[in-house]
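According to this note's numbering, the sequence shown is numbered sequentially starting from 148. Read the structure below first, then the notes.
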Amino acid sequence: MRRKKWYAIQTYAGSELTVKDHLTEQVRLHGWEKEFEIFNIDDREEIFIVPVEEVITSRSRHGAGTEYRVSYEYDLLVNSNERISRDDPIARKPPRHMEKEGQIEKIELFGRVIIEMANRNEEEYLIPTDKRIRSDIRVGEKIRHGVPLTADKDERFIVANKGKIVLRDKVYYVTFTFSENKNRSMTLLEKRMVKLKQGMKLKQGDLLEREDVLTARASGLVKIKEYKDKRIVSIQRIEKRRLIPGYIFARMRLAEKDMFELIAGVNGAIRYVGSHFRPTPIEEGPEMKLIKRKAGLLEVPVGSSDPKIEIDFDVGEVVEIVEGPFADFTGTIKEIDREAEEVTVLVKIFGRETPVKLEFEGIEKL
Numbered sequence: 148m149r150r151k152k153w154y155a156i157q158t159y160a161g162s163e164l165t166v167k168d169h170l171t172e173q174v175r176l177h178g179w180e181k182e183f184e185i186f187n188i189d190d191r192e193e194i195f196i197v198p199v200e201e202v203i204t205s206r207s208r209h210g211a212g213t214e215y216r217v218s219y220e221y222d223l224l225v226n227s228n229e230r231i232s233r234d235d236p237i238a239r240k241p242p243r244h245m246e247k248e249g250q251i252e253k254i255e256l257f258g259r260v261i262i263e264m265a266n267r268n269e270e271e272y273l274i275p276t277d278k279r280i281r282s283d284i285r286v287g288e289k290i291r292h293g294v295p296l297t298a299d300k301d302e303r304f305i306v307a308n309k310g311k312i313v314l315r316d317k318v319y320y321v322t323f324t325f326s327e328n329k330n331r332s333m334t335l336l337e338k339r340m341v342k343l344k345q346g347m348k349l350k351q352g353d354l355l356e357r358e359d360v361l362t363a364r365a366s367g368l369v370k371i372k373e374y375k376d377k378r379i380v381s382i383q384r385i386e387k388r389r390l391i392p393g394y395i396f397a398r399m400r401l402a403e404k405d406m407f408e409l410i411a412g413v414n415g416a417i418r419y420v421g422s423h424f425r426p427t428p429i430e431e432g433p434e435m436k437l438i439k440r441k442a443g444l445l446e447v448p449v450g451s452s453d454p455k456i457e458i459d460f461d462v463g464e465v466v467e468i469v470e471g472p473f474a475d476f477t478g479t480i481k482e483i484d485r486e487a488e489e490v491t492v493l494v495k496i497f498g499r500e501t502p503v504k505l506e507f508e509g510i511e512k513l
């Protein structure tokens with residue numbers, strides 16, 4: 148029986164995943180599964196391999212649905228560097244109950260505006276409902292010092308420091324009287340407060356405010372920073388970047404006529420690497436190491452955990468890649484991003500130059 152060999156199928160950059168699915172359908176349609184190596188990648192059985200890496204770009208770190216303000220009244224349900232999916236819970240504010248028997252003396256409804264300053268500290272404004280908050284006071288908008296929050300420009304509600312509006316909602320300010328003639332006030336979310344009335348008598352354990360859960364509006368990697376008034380939970384979106392654009396790989400032993408029949412029925416599958424008349428197996432080398440790493444057949448070198456050192460590379464310098472799927476490749480430094488601590492290295496794959504982004508510790512001098 149002939150030994151299975153690695154082959155590369157050339158396609159259009161950007162269409163690799165679609166073509167891969169169509170090639171898989173062709174294999175199953177013809178009953179050729181036994182002629183191919185089956186790989187388990189990310190808990191899925193794959194016949195064809197499109198090498199990809201997961202990256203977090205600067206674009207992934209910002210944008211709608213990626214940052215959440217979580218006050219210390221909430222319990223965090225996630226940790227930094229944890230993966231999260233859309234609609235997963237991020238934080239939970241437990242339900243609030245009466246700690247002891249008492250009576251409601253007063254209930255007041257306020258509009259609440261919270262402004263975050265440049266140092267991430269916050270200022271809270273509680274505005275009575277007989278005052279109309281201006282319509283241009285919106286979450287996410289920047290606001291200057293001295294801007295009135297109310298339509299009547301009440302001096303009590305003038306912005307003290309410039310910043311950004313991070314919250315606008317409504318809260319109830321509820322004052323309780325207890326048997327020992329002591330008063331206590333609580334701020335309860337309008338959207339979560341149960342039906343309460345002035346003069347109502349409550350027993351210990353009676354529910355005041357229902358549970359509130361914050362959920363993710365996007366999928367990605369969690370990062371958490373703590374500040375004086377709150378935690379900021381950001382979700383960095385994970386993008387998949389093709390490592391070798393325009394190529395699909397498989398390990399197979401199809402007869403030559405069947406190999407051509409395989410790609411003939413698939414739009415976008417242009418040809419095999421080799422010649423138009425005879426597919427050429429991929430020889431051992433850096434490209435083969437990359438493919439084997441993505442197929443789980445070869446260990447991926449891991450970068451050192453030692454502290455980072457200052458970069459001493461220059462644009463145009465030829466370097467060796469020492470970690471990740473491109474380990475053992477050599478390439479030329481095209482760009483150095485000192486702020487992001489990244490370099491862009493041009494490596495040659497099947498004669499084509501491909502840009503690869505790496506952290507500083509991922510390359511070494513030759």
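Ideal placement from N, C-alpha and C gives every residue a C-beta, glycine not left out.
Beta-carbon spacing of Ile231, Ala416 below 9 Å: no
Helix, strand or coil: which one does DSSP assign to Val166? helix
Below 8 Å on the Cβ atoms is my guess for Glu252 versus Thr324; work out the distance and round it to an integer in Å. 5 Å
Whole angstroms is fine: what's the gap from Val202's alpha carbon to Lys387's? Here the C-alpha atom of Val202 lies approximately 6 Å from the C-alpha atom of Lys387.
In three-state terms, what does DSSP make of Lys436? helix
Between Pro241, Lys278, Arg364, Asn268, which has its C-alpha nearest Gly258's C-alpha? Of the candidates Pro241, Lys278, Arg364, Asn268, the one whose C-alpha sits nearest the C-alpha of Gly258 is Lys278.
I want to know whether the segment 290 to 305 touches the segment 323 to 341 - three or more CB-CB distances under 8 Å. no
Contained beta strand (DSSP E) runs [length at least 3] in the segment 265 to 348, N- to C-terminal order: Within the segment 265 to 348, the complete beta strand (DSSP E) segments at least 3 residues long are 269 to 275, 310 to 325, 330 to 336, listed from N- to C-terminus.
State whether the segment 331 to 351 contacts the segment 277 to 293, with contact taken as three or more CB pairs (one from each stretch) at a distance under 8 Å. The segment 331 to 351 makes no contact with the segment 277 to 293, as fewer than three CB pairs between them are under 8 Å.
Tell me the DSSP bridge mates of Met399? Lys152, Phe183
Three Cβ pairs or more, each shorter than 8 Å: is that satisfied between the segment 305 to 318 and the segment 254 to 270? yes
Going by Cα to Cα distance, which pick from Pro392, Gly249, Ile196 is closest to Ser162? Pro392
Kindly list the residues whose CB is nearer than 6 Å to the CB of Arg271, restricted to its own chain and excluding five residues on each side of it in sequence; keep chain order. Checking the displayed sequence, the identity of residue 271 turns out to be Glu instead of Arg. Correct list, in chain order: Ile261.
Tell me which residue opens and which closes the beta strand (DSSP E) that Glu489 is part of. Segment 489 to 496, the beta strand (DSSP E) holding Glu489.
Identify the continuous beta strand (DSSP E) that holds Phe519 and give its terminal residues. For the chain, the structure presents residues 148 to 513; residue 519 sits outside this window and is missing.
Tyr215 lies in the beta strand (DSSP E); which residues open and close that run? 214 to 218
Using C-beta distances below 8 Å, list every residue in its chain close to Leu273, excluding the 5 sequence neighbours before and after it, in chain order. Excluding sequence neighbours, Leu273 sits near Phe257, Gly258, Arg259, Val318, Tyr320.
Between the C-alpha atoms of Gly509 and Phe195, what's the straight-line distance to the nearest angstrom? 28 Å
Quick check: what's the CA-CA separation for Glu192 versus Arg239? Rounded to whole angstroms, Glu192 to Arg239 spans 37 Å at the Cα level.
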